[in-house]
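Q: Provided herewith is a single structure, encoded as structure tokens, for subsequent inquiry.
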Amino acid sequence: MGVYFLLLVLAGALVLTFFIFQPFLAALVLAAVFAVILQPAYRRIHSEMPRWPSSAAFLTVLLTVVCILVPLGFVGTQIGYEAASLYTSLVEGDGKAQIAHSIRALEDIVGVYIPGADDFSDRLSENISSYAKMGLTWLLQHLGSAFSGVASIFLSLFIFFVTLYYLLRDGLKLKQALIEYSPLRDSYDESVFNKLELAVNSVIKGNLMIALIQGVLSAIGFSIFGVPNPVLWGTVTALAALIPAVGTGLVFLPIVLFLFLTGNMFGGIGLSIWGALAVGLIDNLLGPRLIGSGMKLHPLLVLLSVLGGVTFFGALGIFLGPLSLSLLFALLSIYRDIAKQAV
1 MGVYFLLLVL AGALVLTFFI FQPFLAALVL AAVFAVILQP AYRRIHSEMP RWPSSAAFLT
61 VLLTVVCILV PLGFVGTQIG YEAASLYTSL VEGDGKAQIA HSIRALEDIV GVYIPGADDF
121 SDRLSENISS YAKMGLTWLL QHLGSAFSGV ASIFLSLFIF FVTLYYLLRD GLKLKQALIE
181 YSPLRDSYDE SVFNKLELAV NSVIKGNLMI ALIQGVLSAI GFSIFGVPNP VLWGTVTALA
241 ALIPAVGTGL VFLPIVLFLF LTGNMFGGIG LSIWGALAVG LIDNLLGPRL IGSGMKLHPL
301 LVLLSVLGGV TFFGALGIFL GPLSLSLLFA LLSIYRDIAK QAV
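This is the structure we're talking about:
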């Protein structure tokens with residue numbers, strides 16, 4: 001009876017601990033992911049100052065702050081400016097007329113095959129302003145809630161960086177403690193940790209780096225070939241690049257079509273070539289190096305894990321989806337080994 005009572009109390013303590021940590025779950029998960037990604041940098045800095053692991057961890061976190069927050073501040077400011085410019089263009093400027101002209105050019109082509117499509121542009125033109133106002137209202141509402149939670153954002157950032165610091169410095173000790181408490185064999189625990197580390201370094205780190213590079217190259221291409229608000233659309237392209245199998249085509253194809261329909265033939269052709277060469281080849285050139293062959297996950301499984309993770313966990317699902325899938329395969333591998341030994 002004593003064992004069952006202990007297990008009951010332990011389960012209650014775990015549930016209570018989960019609810020205590022739940023407000024900071026996103027910060028803790030991101031810190032764990034970045035701790036794995038930044039381990040090589042930390043080890044390199046630590047090798048230069050082997051007596052001061054705390055200083056090495058602090059310098060690694062400081063470099064992370066400079067390399068992440070400073071670019072994010074610039075990009076966020078530019079996105080806000082370009083989003084306001086896009087709204088003004090759609091409601092008051094020539095953006096509405098350009099879109100209507102593009103739709104008319106498209107319906108002239110489609111109308112040959114689909115009767116009754118020729119009045120679509122008129123209906124769309126009437127609704128562009130209302131759609132833009134609805135979009136701005138939604139944006140302002142969410143920006144308002146974001147600014148009202150500034151204290152919460154700074155607290156989450158504080159938790160993230162403090163957790164990252166301690167995971168870099170004491171991560172190996174924490175790993176050993178978890179292995180000691182686990183009822184599984186140490187070799188099985190090591191296998192689980194290794195597969196999760198592979199998932200972070202291949203699927204997550206590789207995909208994030210590729211998406212970032214594709215977003216930057218896309219913004220450069222948009223700027224060269226006359227696409228307005230290049231930073232905004234480059235950011236959207238980077239987010240789309242996180243979706244396996246579809247990726248940057250979600251953004252590139254409509255923009256190239258828009259350039260052709262507005263008469264910018266040079267821009268349409270140039271951006272098509274730029275997208276195919278500079279952006280499209282990134283997966284083929286950098287993918288094997290950044291992602292490697294460690295995680296042999298089928299692209300369909302990666303796609304479903306990302307989309308399902310985002311649906312279930314929100315933005316955090318970009319990380320938790322592939323990690324959950326990797327954990328499942330690690331446990332299935334352990335189960336297979338145990339089942340074979342039992343036969």
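Under this note's numbering, the first residue of the sequence shown carries the number 1, and numbering increases by one thereafter.
Heads up, the beta-carbon is just placed ideally off N, CA and C, and yes, glycines get one too.
#1: Are Ala41 and Thr60 close, meaning C-beta to C-beta below 8 Å?
#2: Taking the CB atoms as reference points, tell me whether Ala211 and Leu242 lie closer together than 8 Å.
#3: Would you decide whether Glu180 is buried or exposed? Buried here means 16 or more other CB atoms lie within 10 Å of its CB.
#4: If you reduce the DSSP assignment to three classes, tell me which class Ser47 lands in.
#5: Smallest Cα separation from Leu303: which of Gly321, Ser55, Met49?
#6: Who are the near neighbours of Leu208 in its chain, counting only those whose CB is closer than 7 Å to its CB and skipping five residues on each side?
#7: Closest to Asp170 by C-alpha separation, out of Gly267, Gln341, Val236, Ala57, would be which residue?
#8: If distances are taken between C-alpha atoms only, which option among Val227, Ser55, Trp233 comes closest to Thr262?
#9: Going by CA-CA distance only, name the one from Ile153, Leu10, Lys173, Ser54 that's closest to Tyr165.
#10: Use the C-beta contact count for Gly267: other C-beta atoms within 10 angstroms, 16 or more gives buried, fewer gives exposed.
#11: When you compare the CB positions of Val65 and Phe319, do they come within less than 8 Å of one another, or not?
#12: Alpha carbons only, please: which of Leu257, Arg43, Gly275 is nearest the one belonging to Gly247?
#13: How should Val112 be labelled, buried or exposed, when 16 other C-beta atoms within 10 angstroms of its C-beta is the threshold for buried?
#14: Helix, strand or coil, according to DSSP, for Ser182 in the structure here?
#15: Among the candidates Gly234, Leu331, Gly280, whose CA atom is the shortest distance from the CA of Val75?
#16: Please classify Ile273 as buried or exposed, where buried requires at least 16 other C-beta atoms within 10 Å of its C-beta.
#17: Would you call Asp186 buried or exposed, if buried means 16 or more other Cβ atoms sit within 10 Å of its Cβ?
#18: Pull up the distance between the alpha-carbon of Ser223 and that of Met49, whole angstroms please.
#19: Roughly how many whole angstroms lie between the Cα atoms of Gly249 and Thr237?
#20: Using a Cβ-Cβ cut-off of 6 Å (strictly less than) and excluding sequence neighbours within five positions of Val256, which residues of its own chain qualify?
#21: If we require 4 or more residues per run, which alpha helix (DSSP H) segments fall completely within the segment 2-83?
#22: Between Ser326 and Leu196, which are expected to be in contact by the criterion C-beta below 8 Å, what is the C-beta distance as a whole number of angstroms?
#23: Could you give the residue range of the alpha helix (DSSP H) that holds Val216?
#24: Are there 16 or more other CB atoms within 10 angstroms of the CB of Ala339, so buried, or fewer, so exposed?
#25: Which first and last residues belong to the alpha helix (DSSP H) in which Ile273 is found?
#26: Have a look at Ala11 and Leu239 and give me their C-alpha separation to the nearest angstrom.
#27: Taking the C-alpha atoms as reference points, what is the distance between Phe252 and Trp52?
A: Looking at the atomic coordinates:
#1: Residue 41 sits at position 41 when you count from the first residue of the sequence shown. Residue 60 sits at position 60 when you count from the first residue of the sequence shown. A contact, by the Cβ cut-off of 8 Å.
#2: Within the sequence shown, residue 211 is the residue found at index 211, counting from 1. Within the sequence shown, residue 242 is the residue found at index 242, counting from 1. Cβ atoms of Ala211 and Leu242: closer than 8 Å.
#3: Residue mapping note: residue 180 aligns to position 180 of the sequence shown, counting from 1. Answer is exposed; the Cβ neighbour count stays below 16.
#4: Translated into the one-based positions of the sequence shown, residue 47 becomes position 47. It is helical.
#5: Your numbering for residue 303 matches position 303 in the sequence shown. If we check each option's Cα against that of Leu303, Gly321 comes out closest.
#6: The residue given as residue 208 occupies position 208 in the sequence shown. None.
#7: In the sequence shown, counting from the first residue as 1, residue 170 sits at position 170. Here the closest residue by C-alpha is Ala57.
#8: Taking the first residue of the sequence shown as 1, we reach residue 262 at position 262. It is Val227.
#9: Position 165 of the sequence shown holds residue 165. Checking every option, the nearest Cα to that of Tyr165 belongs to Ser54.
#10: As a first step, residue 267 must be located in the sequence shown, where it is residue number 267. Gly267 comes out buried.
#11: By 1-based counting over the sequence shown, the position of residue 65 is 65. By 1-based counting over the sequence shown, the position of residue 319 is 319. No, the pair does not count as a contact, with Cβ atoms beyond the cut-off.
#12: Taking the first residue of the sequence shown as 1, we reach residue 247 at position 247. Taking only the C-alpha atoms, the option nearest Gly247 is Gly275.
#13: Residue mapping note: residue 112 aligns to position 112 of the sequence shown, counting from 1. Residue placement at Val112 is poorly supported in this model, since its pLDDT is 46, which falls under 50; the coordinates are not used for a value here.
#14: Working through the sequence shown from its first residue, we reach residue 182 at position 182. Here Ser182 sits in coil by DSSP.
#15: Indexing the sequence shown from 1 puts residue 75 at position 75. The shortest C-alpha separation from Val75 is found at Gly234.
#16: Start at 1 with the first residue of the sequence shown, and residue 273 comes out as number 273. Exposed.
#17: Against the sequence shown, residue 186 aligns to sequence position 186. With fewer than 16 other beta carbons inside 10 angstroms of its own, Asp186 counts as exposed.
#18: Sequence index remark: in the sequence shown, residue 223 carries index 223 (1-based). Sequence index remark: in the sequence shown, residue 49 carries index 49 (1-based). Cα-Cα distance, rounded: 44 Å.
#19: The count along the sequence shown starts at 1 and reaches residue 249 at position 249. The count along the sequence shown starts at 1 and reaches residue 237 at position 237. Distance between the alpha carbons of Gly249 and Thr237 is about 8 Å.
#20: Residue numbering aside, residue 256 sits at position 256 when the sequence shown is read from its first letter. Closer than 6 Å at Cβ, skipping near neighbours: Gly268, Leu271, Ser272.
#21: For secondary structure counted as the alpha helix (DSSP H) over 4 or more consecutive residues, the segment 2-83 holds these complete runs in sequence order: 2-21, 25-37, 39-48.
#22: Against the sequence shown, residue 326 aligns to sequence position 326. Against the sequence shown, residue 196 aligns to sequence position 196. Sure, about 6 Å apart at Cβ, within 8 Å.
#23: By one-based count along the sequence shown, residue 216 stands at place 216. Unbroken alpha helix (DSSP H) run through Val216: 205-224.
#24: Residue numbering aside, residue 339 sits at position 339 when the sequence shown is read from its first letter. Result: exposed.
#25: Locating residue 273 in the sequence shown gives position 273, counting from the first residue. It spans 265-274 - the alpha helix (DSSP H) in which Ile273 sits, taken as one unbroken run.
#26: For the purposes of this step, residue 11 is identified with residue 11 of the sequence shown, where counting begins at 1. For the purposes of this step, residue 239 is identified with residue 239 of the sequence shown, where counting begins at 1. Distance between the alpha carbons of Ala11 and Leu239 is about 39 Å.
#27: Position 252 of the sequence shown holds residue 252. Position 52 of the sequence shown holds residue 52. Answer to the nearest angstrom: the Cα atoms are 48 Å apart.
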